[in-house]
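Notes for the one structure printed next.
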Amino acid sequence: MVEANIPPWVWYLVAAGRLSPSADNSQPWRFVFDGQRLSVEFDETRGGQLGRTHPAVLLAFGALLENLVQAARAAKIDTSRWEFSSLADTGCLVRIPVPDQPLAQSELPAVICARHTNRGPFERLPLPKETVSALTTQREGCAFVQAFAEQEAISQLAQLVRLASELRFQTEEIHRWLAGSLRFTEEEAARGDGLDVATLALPPGGKWLSRFLSKWERMAALNRLGAYKLLARIEAAQFTQAGAAVALVSKDVGDDAWLEAGRLLERIWLTLTEHKIAAHPYFVLSDQLWRLRTGEIPPNLQPTAERLAQKARALFAERMPLMLLRVGRARQPAKRSQRLPTASLLVTKARAQHSKEQLCTRSNSPC
Ligand SMILES: Cc1cc2nc3c(=O)[nH]c(=O)nc-3n(C[C@H](O)[C@H](O)[C@H](O)COP(=O)(O)O)c2cc1C
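The sequence shown begins at 1 in the working numbering and counts up one residue at a time.
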C-alpha cells in the first residue's frame, strides 16, 4: 500500500494522536493502517524500556485516546464502533474501522493543537471559580480530580514533590532513563522525540549543569555532598509557583485506572487550555509511590519512601495520586516540544510486519 492510498480520516486521527503528551515526550505508540482499520499500538522501539503496563505508558495512552475521541466527535466520526482491547495483553489499545461518513471537518480542534506543557513560572493568583468547577466536576471511570487552591495545601504538596524528587535523584535507573531522553542541541531536538532542554525553562547555567549531571557517576558522587537535596528543593520551590495544584486520584490502581487517569489528564488539560490556564505535570510523586508498591525502591531509600507514602495517604485520604499538576496563569509563553514525523508513526500493515520481523531477528526472540 502506498501512502497516497491512506484516506483523510486516518491522517486526521493520527494527527490528533501525534499531539498527545507522553512522559519525557517518548511517544510510545504507532498507528497501523491495514486498509480497513486503524490500530493504535504500543511501539517496542520507543516504549520498550518501560514496557506497556508501566503507569507512565498507560497514562500517555489514556491521553492519546482522549485526543482521538475528542477529534472524532468534532469530525462526526462514530466512536461506538471502535473495538477496544487490553493494551497489556495484546499491545493494541483500539482498532478503528472505516467511518460510515466522510469527515465533517478536516481541521483538528484548535484546543488539541494549543495544549502543551509549560515549565516556566506561573502567577500565584487563584484560578477563576468557573475553571475550578470545570475541573472538579470531571471524572473518568474510577479516576477523579482533586484541586488544591490554598497556598498552604500547595506547600504541603510541594513537600511531597521534594521528598519524591530526593528519591528520584538518588535512583540510578530513573536517572539513566531521563538522561537518555534529554536533547541538548537543536539538531538532537529536531529528531522529534525526547525532552528538548530548551523546553525545561532552566535558569542560566542550567543546561550546562543538566549535561554535566546526566552522567550517573557524577550525580552519584555529588549526591554524597547532598546534590539530590538541592535539586529536589529547586523542584519543590518551582511547584509552589502556581495558582493551584491538581491531583488525579483513584482508589483503584490497576491498568484501567491509569488509562482512565490518562484520559482525565488530557481532558482537564484541554479544559485548562480553553480557559487560558497553563499546566505542568509532575509524575515524580506517583512514580515513587508506585515503585514502593511494586518493590522497586532501593533498600537504602526505603525509609524515605515509606515516609512519603504516609504523608501522601493523609493528604489524599487513602487514595493514590496517579498524576499531579501545577496550574496557573503563565508569566511567559512556553517553548513547545516537537514530535516525531507522521511518516515514522503511521505504518501500513506490510511495513509493520517487516519491522516486527527485523526486531525479532535482532533480539533472536520468537515472533
Ligand atoms: C505520563 C506523563 C508524565 C509526565 N511527567 C512529567 C514530569 O514529571 N515533569 C514534566 O515536566 N513533564 C511531564 N510530562 C509532560 C511531558 O514531558 C510532555 O507532555 C511531553 O514532553 C510533550 O510535550 P507537550 O506536553 O508540550 O506536548 C508528563 C507527561 C505525561 C503524559
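Think of the CB as a built atom: it goes at the ideal place given N, C-alpha and C, for glycine as much as any other residue.
Collapsed DSSP secondary structure at residue i in the structure displayed
| i | result |
| --- | --- |
| R362 | Its pLDDT being 46, under 50, R362 is placed unreliably in this model, and the value from its coordinates should be taken loosely. Three-state DSSP puts R362 in a helix. |
| I297 | coil |
| D89 | helix |
| M1 | Confidence at M1 is low in this model, with a pLDDT of 47, below 50, so the placement of that residue should be treated as unreliable; the coordinate-derived value is given next. Looking at M1 - three-state DSSP - the assignment turns out to be coil, as it is neither helix nor strand. |
| C367 | The predicted position of C367 is uncertain, since its pLDDT is 29 and thus under 50; a value taken from the coordinates is nonetheless stated next. Note: C367 maps to coil in three-state DSSP. |
| R115 | coil |
| P8 | helix |
| V249 | strand |
| V132 | helix |
| E217 | helix |
| G262 | helix |
| A15 | helix |
| P97 | strand |
| F122 | strand |
| A74 | helix |
| K349 | helix |
Contact check, residue i vs residue j, beta carbons under 8 Å
| i | j | result |
| --- | --- | --- |
| R326 | L125 | no |
| E123 | G243 | yes |
| L64 | W29 | yes |
| W9 | I77 | yes |
| A147 | V246 | yes |
| R52 | I96 | no |
| V132 | E235 | no |
| F31 | I6 | no |
| S106 | Y12 | yes |
| Q288 | R168 | yes |
| V14 | T342 | yes |
Integer-rounded CB distance, given that residue j should sit under 8 Å from residue i
| i | j | result |
| --- | --- | --- |
| E260 | E130 | Their Cβ separation, rounded to whole angstroms, is 25 Å, which puts E260 and E130 out of contact at 8 Å. |
| L322 | S286 | 5 Å |
| M219 | A232 | Their Cβ separation, rounded to whole angstroms, is 13 Å, which puts M219 and A232 out of contact at 8 Å. |
| L127 | A149 | 7 Å |
| A143 | A257 | 6 Å |
| I154 | T240 | 6 Å |
| S181 | S26 | 7 Å |
| L108 | A16 | 6 Å |
Option nearest residue i by Cα separation, candidates the options
| i | options | result |
| --- | --- | --- |
| L272 | R218, E150, T117 and L19 | T117 |
| Q156 | F33, V57 and F316 | F316 |
| T171 | Q241, P298, P203 and N25 | P298 |
| A23 | L292, E274, D196 and L230 | D196 |
| T388 | W11, E166 and T79 | The structure shown has nothing for residue 388, since the chain only spans 1 to 367. |
| L265 | Q27, H54, S26 and L58 | L58 |
| L87 | V284, P121, V40 and A104 | V40 |
| A201 | E44, P333, L19 and R18 | P333 |
| L103 | V249, R73 and R291 | R73 |
| A164 | L301, G35 and A75 | L301 |
Unbroken beta strand (DSSP E) run spanning residue i, endpoints
| i | result |
| --- | --- |
| E173 | First-last for E173: E172 to S181, but that is the alpha helix (DSSP H), not the beta strand (DSSP E). |
| P281 | A278 to Y282 |
| V145 | A143 to F148 |
| S39 | R37 to F42 |
| L327 | Per the sequence presented here, residue 327 reads as Val, with Leu not at that position. Its beta strand (DSSP E) spans residues M320 to G328. |
| V197 | Neither: V197 is in no beta strand (DSSP E) and is coded neither H nor E. |
| R30 | W29 to F33 |
Extent of the continuous alpha helix (DSSP H) to which residue i belongs
| i | result |
| --- | --- |
| W82 | Looking at the DSSP string, W82 is not in any alpha helix (DSSP H), and its letter there is neither H nor E. |
| F169 | Q151 to F169 |
| T369 | There is no way to answer for residue 369, as the model of the chain reaches only from 1 to 367. |
| Q310 | Q302 to L315 |
8 Å Cβ cutoff, residue i in contact with chain C
| i | result |
| --- | --- |
| T53 | Absent here is chain C; the protein component of the structure consists of one chain. |
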